[in-house]
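FYI, in full-length UniProt numbering the residues of the sequence shown are 1 to 468. Here the structure is laid out as structure tokens; the discussion comes afterwards.
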Amino acid sequence: MLVHDALSVVAADPAGLLPARQQMAFTLGWHIILASFGVAFPAMIFVAHWRGVARDDGVALVLAQRWAKVSAVLFAIGAVSGTVLSFEMGLLWPGLMGTFGDVLGLPFALEGLSFFVEAIFLGIYLYGWGRMPPRRHLLMVVPMAVAGVVGTFCVISVNAWMNTPAGFRIVDGEVTDVDPWAAMFNPIAGWQFAHMWLAAYMLVGFTIAGVYAVGMLRGRRDAHHRLGFLLPFSFASVAAVVQPVVGHLLGGGLGDRQPAKLAAFELATTTESPSPLRIGGVLVDGEVRWALDIPVLGSLIAQNSLTAPVRGLDTIPLRDQPPVNITHWAFQTMIGIGTLLALAVVVYWALRWVRKRDLLDHTWFLRFCAAAGPLAVVAVESGWIATEVGRQPWVVYGIMRTSEAAGDYPALWWLLAITVVVYTGLTVGAVLVLRSMSRRWRQGQKDLPSPYGPQSRLSDESSGRAAP
1 MLVHDALSVV AADPAGLLPA RQQMAFTLGW HIILASFGVA FPAMIFVAHW RGVARDDGVA
61 LVLAQRWAKV SAVLFAIGAV SGTVLSFEMG LLWPGLMGTF GDVLGLPFAL EGLSFFVEAI
121 FLGIYLYGWG RMPPRRHLLM VVPMAVAGVV GTFCVISVNA WMNTPAGFRI VDGEVTDVDP
181 WAAMFNPIAG WQFAHMWLAA YMLVGFTIAG VYAVGMLRGR RDAHHRLGFL LPFSFASVAA
241 VVQPVVGHLL GGGLGDRQPA KLAAFELATT TESPSPLRIG GVLVDGEVRW ALDIPVLGSL
301 IAQNSLTAPV RGLDTIPLRD QPPVNITHWA FQTMIGIGTL LALAVVVYWA LRWVRKRDLL
361 DHTWFLRFCA AAGPLAVVAV ESGWIATEVG RQPWVVYGIM RTSEAAGDYP ALWWLLAITV
421 VVYTGLTVGA VLVLRSMSRR WRQGQKDLPS PYGPQSRLSD ESSGRAAP
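Now the structure itself:
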């Protein structure tokens, strides 16, 4: 049965529900980090390359070339995890894809095309160093960046559709009158994409800047490290300042669209007018404990009003409520870290422009920047937990419950175990490769030849040493 009302009887959860949730959370949480690099890194590479060409800046060109190689490593690993996610949608959630496959087919198809475009032009860009005219070579980054943005929008639009279903009708339990364009461009697709787009720039910008901050902490305070810090940090700074505005606009109307999610965000157990902003706290046996309440501010932020109430959890059936504490703390973790990073960049640029002070000369600031990348990762992961857990128990809000989307496959636990092993291997492999690249760059190597293979053998023989 597809559509349930308040009087429906909920059947026992299928055996595949819990492993499917764990598998999706693990793989999506892992992939979103790599996807963020696919969205934001090409733009940073483009700016570095443009600066190198336009200003004859050799340092910037070296950064662009090295970043492109790092991007290739991350793209290769992301291709694996992205492919896994594509198969998971049908394997883990047969009820969802079997029912709404026609609705969701368009964005998934366009995302696949975007992936191939990005892969093709990344290969051309990597191969084009020293083989193409500089400005033509620079333009090869543009399709990479556009494809990354388009592909991300397509995926985010599906998630936005799960929050605000559109582009179909249900007649006698059957999905009819499918309009895939209306589904893809659903009411919040644009704002949700903008929110994730900025989050990607924060994650990538602060992470890359943090790498160079660590280098400066170790005494490498040359032009290479300063530019390597400032360029991604500038991208992250703009994103961090704009993000609170976009997040607020995305949250507008959440009380109408998903009142249970907003109530969990705000830890609103009852409807209060005006509603306080509740910082911290835990819901224990229906009572909020250890929270700091700031009067009126909850209504102002959530409802753009000094008096409009936030609907309380007591007005929502228990079976329609999400896990409140997880949703609340994930949301507040995202907000807290985002606010901290936004304040940090405002202080940095204010002191740099107004007081002519450069905080890069201070060890404490470099240490903060080294931590900013991991903090941004935690904020992105927390944001996804907030939106996904906060939508529960629905996979398609108000239409299909998550338990209806899952299959009755207890063997999925084995798939989860295998996936954890494989992804652990991918993570270890990526770290080893990137650390090897970094070490050889510090040693002065430019082309990073393979330590084995035909070239190595010829070099060994020419130097009179027997190749192993």
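Backbone N, C-alpha and C define an ideal beta-carbon position, used for all residues, glycine too.
Task: Collapsed DSSP secondary structure at I316 in the structure displayed - done: coil
Open item on the list: Tell me the rounded alpha-carbon separation between V377 and D172.
Closed with: 44 Å
- [ ] Measure the Cβ-Cβ separation of G151 and M140 and say whether it is below 8 Å.
- [x] no
Task: Sub-8 Å separation of residue 471 and A166 beta-carbons - done: In the structure as shown, the chain begins at 1 and stops at 468. Residue 471 is therefore absent and cannot be evaluated.
Task: Cβ contact (3+ pairs, closer than 8 Å) linking the stretch 350 to 365 and the stretch 278 to 286 - done: no
TODO: Starting from I279, trace the beta strand (DSSP E) both ways and give me its first and last residue.
DONE: 277 to 284
- [ ] Could you name the residues that DSSP lists as bridge partners for T333?
- [x] Paired residues: none, contrary to the question.
Task: For R169, three-class secondary structure by DSSP - done: strand
Task: Where D5 falls: helix, strand or coil (DSSP) - done: Residue placement at D5 is flagged as unreliable, the pLDDT there being 39, under the threshold of 50; a coordinate-derived value is accordingly withheld.
Task: Test item: CB-CB of M24 and L110 under 8 Å - done: no
- [ ] Report the option in K446, T387, R136 whose CA atom is closest to the CA atom of T333.
- [x] T387
- [ ] Would you kindly check if the distance between the Cβ of V345 and the Cβ of V241 is under 8 Å?
- [x] yes
Task: Residues near L306 by beta carbon distance below 8 Å, same chain, minus five either side - done: P274, V296, S299, L300
Task: Residue environment, K446, which counts as buried when at least 16 other CB atoms sit within 10 Å - done: exposed
Task: Burial state of K261, where buried means 16 or more other Cβ atoms lie within 10 Å - done: buried
Task: Which of helix, strand or coil DSSP assigns to I32 - done: helix
Task: Test item: CB-CB of Q243 and M196 under 8 Å - done: no
- [ ] Run the CB neighbour count on G385, radius 10 Å, all protein chains shown included, and call it buried at 16 or more, exposed below.
- [x] Reading off the sequence shown, one finds Ile at residue 385, where the question assumed Gly. So I385 counts as buried.
Task: Length of the line joining the Cα atoms of L217 and L366 - done: 7 Å
Task: Neighbour flag for G52 against chain D, beta carbons, 8 Å - done: No chain D appears in the structure shown, which is made up of a single protein chain.
Task: Where I45 sits in the DSSP three-state scheme - done: helix
Open item on the list: Suppose you measure from the CA of V396 to the CA of A264; what does that come to, to the nearest Å?
Closed with: 18 Å
Task: Rounded C-alpha distance that separates M144 from H224 - done: 25 Å
- [ ] Evaluate P317 with the Cβ neighbour count: other Cβ atoms within 10 Å of its Cβ, from every protein chain shown; 16 or more gives buried, anything less gives exposed.
- [x] exposed
Task: Residues sharing a beta bridge with T176, DSSP - done: R169
- [ ] Would you tell me roughly how many angstroms separate the C-alpha atoms of R319 and P393, rounded to the nearest one?
- [x] 8 Å
TODO: Indicate whether the contact test is met: 3 or more Cβ pairs, each with one atom in the stretch 414 to 425 and one in the stretch 65 to 75, closer than 8 Å.
DONE: no
Open item on the list: Based on DSSP bridge pairs, tell me the residues matched to I294.
Closed with: L277
Open item on the list: Can you list, in chain order, the residues of its chain with a C-beta nearer than 6 Å to that of P259? Leave out the 5 residues immediately preceding and following it.
Closed with: R311
Open item on the list: Checking 8 Å against the spacing of the C-beta atoms, do M44 and P309 come in under that value?
Closed with: no
TODO: Using the Cα positions of A199 and L85, report the straight-line distance between them to the nearest angstrom.
DONE: 21 Å
Open item on the list: By the three-class DSSP mapping on this structure, what secondary structure does Y397 have?
Closed with: coil
TODO: Can you tell me which of the three DSSP states V433 falls into?
DONE: helix
Task: Beta-carbon spacing of P379, I337 below 8 Å - done: A small fix is needed here, since residue 379 is Ala in this sequence, not Pro. A contact, by the Cβ cut-off of 8 Å.
- [ ] Rounded to whole angstroms, what's the CA-CA distance from G16 to I32? Just pull it up for me.
- [x] 23 Å
Task: For R135, the residue or residues it bridges with in DSSP - done: DSSP, once it has assigned bridges, lists no residue as partnering R135.
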